[in-house]
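Peer 1: Numbering (our numbering), first residue to last: 212 to 778. C-beta atoms are modelled at their ideal positions from N, C-alpha and C, and glycine is treated no differently. Since the structure is predicted, the reported quantities are computational estimates derived from the model, not experimental observations.
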Amino acid sequence: MEEMEIISRLGRRSAVAACIVLSACAVGPSGASAGIPLHDQAYGAFLAARYAVSRQDSAAAAQYYALGLRADPGNPGMVSEGFLAALLAGSPEARTLAAQLPGNQLATMLQGNQAALDGDFAKAGQVFATLPQDDLAGLVKPLLRAWASFGQGNAQVALSLLTPNFNNGPFSSVYILNAALIADAAHDDKDAAQFYGDVLSSAPDLRLAQILASWDARRGERGLAQAQFDTLAATHPNLRIAIPALRARMDQPVIHTATQGMAEAYLTLAGALNQPSQRFLRMTLLRFALQLRPDLTPARLMLAGAQAGGDTPQATPTQVQMHNALDTLAPVTPRDPLYAPVAVQEANLLATLNRPAEAIALLDKVIALVPPDAGVFADAGDILRNAGQNSDAIRYYDKAIAIFGANPPAVAWALYFDRGICEDALNNWAAAEPDLLRALALSPNQPYVLNYLGYSWAVRGEKLDQAKAMLQQAVGLDPNDGAIIDSLGFVTLRQGDTATALDLLIQAVELDPNNAEVNAHLGDAFWQAGQKLQADYQWHRALSLQPDAKLKAQIASELQGNFPAQP
């Protein structure tokens with residue numbers, strides 16, 4: 212399975228789950244082949260499940276494994292792999308399969324969680340005590356046992372299980388924070404104050420800000436509580452829209468029960484496992500957190516981010532991954548203080564799935580619920596611009612820009628830039644040019660603004676010297692961007708320096724070989740250089756790269772010998 216391969220590549224202490232996952236996927240003493248079903252119907256379901264796993268569709272995989280197990284009950288391979296798929300999908304089938312996996316550490320955790328949900332904290336503690344002392348189990352075991360002890364009314368025993376781990380390297384803050392939560396829930400203000408003080412140096416994140424603000428507010432330190440959210444908003448601007456709702460609830464404790472505390476333990480540990488290679492571990496721990504506390508919205512946000520590939524930003528999420536993330540976020544309602552950032556995340560997923568109308572409807576709902584926020588208006592504008600709905604996009608950009616008033620901050624450059632692009636697409640250069648110039652004035656070293664404005668002038672045959680200077684500056688800022696080098700080559704060609712332009716455009720095609728416009732410009736340069744055969748080839752190459760209608764018509768005209776004269 213893909214998850215096994217991921218875990219096998221993890222190193223040392225950061226690879227804290229290797230033995231857990233391998234035991235979760237083990238198929239019996241005879242090796243992997245012992246778990247392959249022989250019954251035709253079961254084998255078909257097994258193959259379908261494996262295919263679903265390869266697509267990271269855990270929900271479908273869990274269903275196929277369940278189908279296979281009906282035809283081949285107790286098959287060890289399908290039980291272990293079906294359990295893992297059901298766990299990742301958040302399916303209740305995981306609980307049924309866990310009972311058939313004695314010694315499996317993930318199954319043990321799930322069973323301990325269930326005992327806690329049933330209110331039997333003594334049993335939960337006994338189950339968690341059977342976990343080994345090393346790897347992931349060794350990290351999570353003290354946390355789970357501590358909360359089980361707290362559930363039995365033994366707060367001091369709970370703290371004694373955590374304090375030996377306060378110097379546990381990168382995971383120290385996890386144990387200290389959980390100790391603070393236990394002391395706080397036990398009304399041990401002295402220890403709670405000490406432990407909360409020890410985690411203040413940690414990098415601010417959503418849940419930590421909620422926890423610390425709650426502690427400060429309940430002690431009457433409302434200024435400190437407000438400051439926690441101010442720091443959160445400054446560090447994570449996308450969460451700014453949630454701050455009013457979070458402040459309205461900051462007098463409430465974040466933990467009321469031991470079961471909620473266990474969910475918090477899984478969440479805090481998942482947050483500490485933040486490397487892309489640890490994605491499966493994070494998702495597993497977050498599923499446990501949501502098993503214990505379905506309303507733990509920070510866990511839903513983190514899980515949805517991992518499901519949609521947020522741990523590996525350079526990767527493009529698949530439709531399955533995005534649907535998984537949407538399913539994870541779906542239970543969050545407008546009554547939740549984190550509804551606004553959840554809805555924005557949902558809207559961006561819907562837009563990526565080419566469902567812009569649904570995305571905009573969701574953002575309009577957020578806009579109606581929260582104070583005016585430029586980021587939400589900008590998100591709506593971006594979605595509409597990418598959908599080609601430029602007039603509608605401009606209306607949202609207008610509202611975002613209006614929020615900043617007459618003296619916008621430097622970060623507002625993107626709003627003017629994006630609005631200028633929309634205006635240009637609507638052939639309103641009289642409005643676009645001032646917006647692009649304003650974007651450049653706000654942030655003079657943005658290569659994309661320099662490129663867009665300089666290239667636009669070159670296309671229009673205007674201000675060629677100024678355009679060239681801008682594009683040279685852009686190339687200096689981003690020397691490996693083929694599109695920017697193409698623009699510099701284009702303006703150089705417009706100025707009549709064919710030899711230099713040809714060198715630049717060849718370089719641009721090498722950097723961006725699948726860009727139709729870049730290839731077309733190289734064809735133009737070959738034509739100007741008298742290399743007709745090469746020009747013909749390059750234009751045909753550009754046509755093969757699915758150019759837009761305007762560029763396609765231009766290339767077709769040039770292939771018929773209608774190459775425009777140089778200005």
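When the Cα of A823 is compared with those of A641, A621, E728 and M513, which residue comes out closest?
Peer 2: Because the chain spans 212 through 778 in this model, residue 823 falls outside it and cannot be assessed.
Peer 1: For V290, which residues of its own chain have a beta-carbon under 6 Å away from its beta-carbon, when the five flanking residues on both sides are left out?
Peer 2: Taken in chain order, the residues that qualify are L308 and Q311.
Peer 1: What does the Cβ neighbour count give for S265, buried or exposed, with the cut at 16 atoms within 10 Å?
Peer 2: Under this definition S265 is an exposed residue.
Peer 1: Run through DSSP, which three-state label would Q771 get?
Peer 2: Three-state result, Q771: coil.
Peer 1: Whose CA, out of Y550, L549 and A483, lies closest to the CA of N379?
Peer 2: When only C-alpha atoms are compared, the closest one is A483.
Peer 1: Here's a check: name, in chain order, each residue in its chain whose Cβ is nearer than 7 Å to the Cβ of Q170, leaving out the five neighbours to either side.
Peer 2: The question about residue 170 has no answer here: the residues shown for the chain are numbered 212 through 778.
Peer 1: Grouping DSSP H, G and I as helix and E and B as strand, with all else coil, what is I612?
Peer 2: Helix, per DSSP.
Peer 1: Between Q437 and R458, how many whole angstroms is the CB-CB distance? I'm expecting something under 8 Å.
Peer 2: That pair is a contact at about 7 Å.
Peer 1: Where do the N-terminal and C-terminal ends of the alpha helix (DSSP H) with H751 fall, by residue?
Peer 2: It spans K743 to L754 - the alpha helix (DSSP H) in which H751 sits, taken as one unbroken run.
Peer 1: Answer yes if the segment 325–340 comes into contact with the segment 298–305, meaning at least three C-beta pairs across the two stretches below 8 Å, and no otherwise.
Peer 2: No, because fewer than three Cβ pairs between the segment 298–305 and the segment 325–340 fall closer than 8 Å, the two stretches do not touch.
Peer 1: My assumption, with CB atoms under 8 Å, is that V581 sits in contact with I422. Please give the rounded CB distance.
Peer 2: V581 to I422, Cβ: 23 Å. No contact.
Peer 1: Restricting to runs no shorter than 4 residues, where is the alpha helix (DSSP H) found entirely within the segment 589–651?
Peer 2: Listed in chain order, they are 601–615 and 624–636.
Peer 1: Are the Cβ atoms of L756 and A727 separated by less than 8 Å?
Peer 2: Going by C-beta atoms, L756 is nearer than 8 Å to A727.
Peer 1: Between the segment 463–482 and the segment 397–413, are three or more C-beta pairs nearer than 8 Å?
Peer 2: Too few Cβ pairs lie closer than 8 Å, so no.
Peer 1: Let me know if A237 comes out buried or exposed under the rule of 16 or more other beta-carbons within 10 Å of its beta-carbon.
Peer 2: Note that A237 has pLDDT 36, beneath the 50 cutoff, so the model's placement of it is unreliable and the number below is only indicative. By the 10 Å Cβ count, A237 comes out buried.
Peer 1: If you reduce the DSSP assignment to three classes, tell me which class K674 lands in.
Peer 2: Note: K674 maps to coil in three-state DSSP.
Peer 1: Fully enclosed by the segment 448–512, which beta strand (DSSP E) runs are 3 residues long or longer?
Peer 2: For the segment 448–512, not a single whole beta strand (DSSP E) run of length 3 or above is found.
Peer 1: Using C-beta distances below 7 Å, list every residue in its chain close to G242, excluding the 5 sequence neighbours before and after it, in chain order.
Peer 2: Low confidence applies to G242: its pLDDT is 37, below 50, so where it sits in the model is not reliable enough to give any reading.
Peer 1: Quick one: is A568 buried, meaning 16 or more other Cβ sit within 10 Å of its Cβ, or exposed?
Peer 2: Counting Cβ neighbours within 10 Å, A568 comes out exposed, since fewer than 16 surround it.
Peer 1: In the DSSP assignment, find the unbroken alpha helix (DSSP H) run with R356 in it and report its ends.
Peer 2: Run containing R356: D346 to G362, per the alpha helix (DSSP H) assignment.
Peer 1: With three or more C-beta pairs closer than 8 Å as the rule, is the segment 503–510 touching the segment 379–393?
Peer 2: Because the criterion of three Cβ pairs below 8 Å is not met, the segment 379–393 and the segment 503–510 do not touch.
Peer 1: Is the separation between the beta-carbon of Y627 and that of D646 shorter than 8 Å?
Peer 2: In this structure, D646 lies closer than 8 Å to Y627 by Cβ.
Peer 1: Taking the alpha carbon of A348 as the reference point, which residue from F361, G330, N365 and L321 has its own alpha carbon closest?
Peer 2: The residue with the shortest Cα to Cα distance from A348 is L321.
Peer 1: Roughly how many whole angstroms lie between the Cα atoms of T709 and R606?
Peer 2: Each residue's Cα considered, the two are about 42 Å apart.
Peer 1: Please classify Y275: is it buried, with 16 or more other beta-carbons within 10 angstroms of its beta-carbon, or exposed?
Peer 2: The residue is buried, with at least 16 neighbouring Cβ atoms inside 10 Å.
Peer 1: What residue range does the alpha helix (DSSP H) around D714 cover?
Peer 2: Run containing D714: T709 to L722, per the alpha helix (DSSP H) assignment.
Peer 1: Would you mind giving the Cβ-Cβ distance between L537 and I571, rounded to the nearest angstrom? I have them listed as a contact below 8 Å.
Peer 2: With 8 Å as the limit, L537 and I571 do not qualify as a contact, their Cβ atoms being about 16 Å apart.
Peer 1: For D635, I'd like the list of residues in its chain whose CB is within less than 6 Å of its CB, leaving aside the five on either flank, ordered along the chain.
Peer 2: A643.
Peer 1: Compute the distance between the beta-carbons of P415 and Y386, then report whether it is under 8 Å.
Peer 2: No, these two residues do not count as a Cβ contact at 8 Å.
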